[in-house]
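Engineer:
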Amino acid sequence: MTLDHESDGGAFAAGAFGLIVLRTDLTMEPELAPIFAGLGLYHARIPNAPDITPATLAAMAEALPGTAALLPPEVGVVGYGCTSGATVIGPERVAALVRGAHPQAQVTDPLSAVIAACAHLGVRRPGFVTPYVAEVSAAMRARLEEAGLTIAGFGSFEEGEDRAVAAIAERSTLAAIRAVAEMAPCDAVFVSCTNLRGLGIVEAAESATGVPVLTSNLALAWHMLTLAGLPTAGRAPGRLFAS
Numbered sequence: 001m002t003l004d005h006e007s008d009g010g011a012f013a014a015g016a017f018g019l020i021v022l023r024t025d026l027t028m029e030p031e032l033a034p035i036f037a038g039l040g041l042y043h044a045r046i047p048n049a050p051d052i053t054p055a056t057l058a059a060m061a062e063a064l065p066g067t068a069a070l071l072p073p074e075v076g077v078v079g080y081g082c083t084s085g086a087t088v089i090g091p092e093r094v095a096a097l098v099r100g101a102h103p104q105a106q107v108t109d110p111l112s113a114v115i116a117a118c119a120h121l122g123v124r125r126p127g128f129v130t131p132y133v134a135e136v137s138a139a140m141r142a143r144l145e146e147a148g149l150t151i152a153g154f155g156s157f158e159e160g161e162d163r164a165v166a167a168i169a170e171r172s173t174l175a176a177i178r179a180v181a182e183m184a185p186c187d188a189v190f191v192s193c194t195n196l197r198g199l200g201i202v203e204a205a206e207s208a209t210g211v212p213v214l215t216s217n218l219a220l221a222w223h224m225l226t227l228a229g230l231p232t233a234g235r236a237p238g239r240l241f242a243s
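Numbered according to the working numbering, the sequence shown terminates at residue 243, and the numbering increases by one at each position without gaps.
(1) So, with DSSP's three-state summary, where would you put A164?
(2) Taking 6 Å as the limit between beta carbons, can you name the residues of its chain near L71, skipping five residues before and five after?
(3) Compare the beta carbon distance of E159 and P131 with 8 Å and say whether it is the shorter of the two.
(4) Check whether the Cβ atoms of V189 and P126 sit closer than 8 Å, and answer yes or no.
(5) With respect to the beta strand (DSSP E) encompassing A96, which residues constitute its N-terminal and C-terminal limits?
(6) Quick one: which unbroken alpha helix (DSSP H) runs of 4-plus residues sit fully inside the segment 38-126? Chain order, please.
(7) Nearest to L82 by CA position, among E29, S7, F157 and F241, is which residue?
(8) For I177, which option in S243, L214, G15 and A69 has the closest C-alpha, if you only look at C-alpha atoms?
(9) Should H5 be labelled buried (16 or more other beta-carbon atoms within 10 Å of its own) or exposed?
(10) If you draw a straight line from the alpha carbon of A101 to that of A68, how long is it in whole angstroms?
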């Protein structure tokens with residue numbers, strides 16, 4: 001027997017998003033899933049080395065086109081989920097490599113997203129928290145300063161192994177945010193790395209510091225939704241999603 005059926009457009013009817021996730025990332029998907037509830041969020045994993053260095057980050061460029069091609073053609077916005085990778089490869093090159101497979105898609109990454117979020121919130125002097133070794137943190141700081149931001153306080157866990165970053169307790173990140181905010185006057189704190197958990201402590205961190213707290217995952221999700229022209233209010237904790 002042939003059954004009748006009707007179409008409602010599918011899970012992606014309200015919006016289709018592509019997410020390129022590092023093989024070693026254990027945090028981004030659980031944090032972004034509730035933010036994109038009711039929308040189509042489709043993942044593809046990109047090979048990467050477990051150690052975080054400029055050389056290993058740059059090597060991801062070779063795999064970006066093939067990884068992007070694994071995403072369904074319906075995606076209208078694609079996020080490359082690596083803040084440090086976007087720093088080393090360059091946001092413009094990341095976008096060009098992704099658009100080789102999805103020429104009509106808008107492309108973003110956490111570095112571009114946090115710069116856009118700072119502009120949206122009027123942030124000029126962010127505090128800066130990273131989990132990276134000094135060379136990677138310095139490169140990212142330079143990118144932020146090139147975008148017109150002045151880094152106030154800075155601190156890093158100086159962890160060179162990506163899976164170890166995913167295991168850093170949120171209470172440690174909360175303490176780091178408070179310590180960096182106390183170093184110098186700032187109008188926000190940026191917590192970098194999609195593998196560093198922060199979704200659960202954003203509101204506590206904002207309450208403790210009195211300024212917006214932007215994590216890589218929050219900024220990326222906000223920017224992807226914004227590029228799609230969708231409302232963001234209430235989809236995630238923190239002032240960025242309340243603005």
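We treat Cβ as the ideally placed atom computed from N, Cα and C, and that holds for glycine.
Structural biologist: Taking the definition as stated:
(1) Three-state result, A164: helix.
(2) Same-chain partners within the cutoff: G18, Y42 and A44.
(3) For E159 and P131, yes; Cβs fall inside 8 Å.
(4) Yes. Within cutoff.
(5) The continuous stretches of beta strand (DSSP E) do not include A96, which lies in the alpha helix (DSSP H) extending over residues P91 to R99.
(6) As far as the segment 38-126 is concerned, its whole alpha helix (DSSP H) runs of at least 4 residues are 54-59, 64-69, 83-89, 91-99 and 110-121.
(7) Looking at the sequence itself, residue 82 is Cys, so the reference to Leu does not match. For C82, the closest C-alpha among the options E29, S7, F157 and F241 is that of E29.
(8) Taking I177 as reference, the option from S243, L214, G15 and A69 with the minimal CA-CA separation is L214.
(9) Label assigned to H5: exposed.
(10) Near 6 Å, if we compare the C-alpha coordinates of A68 and A101.
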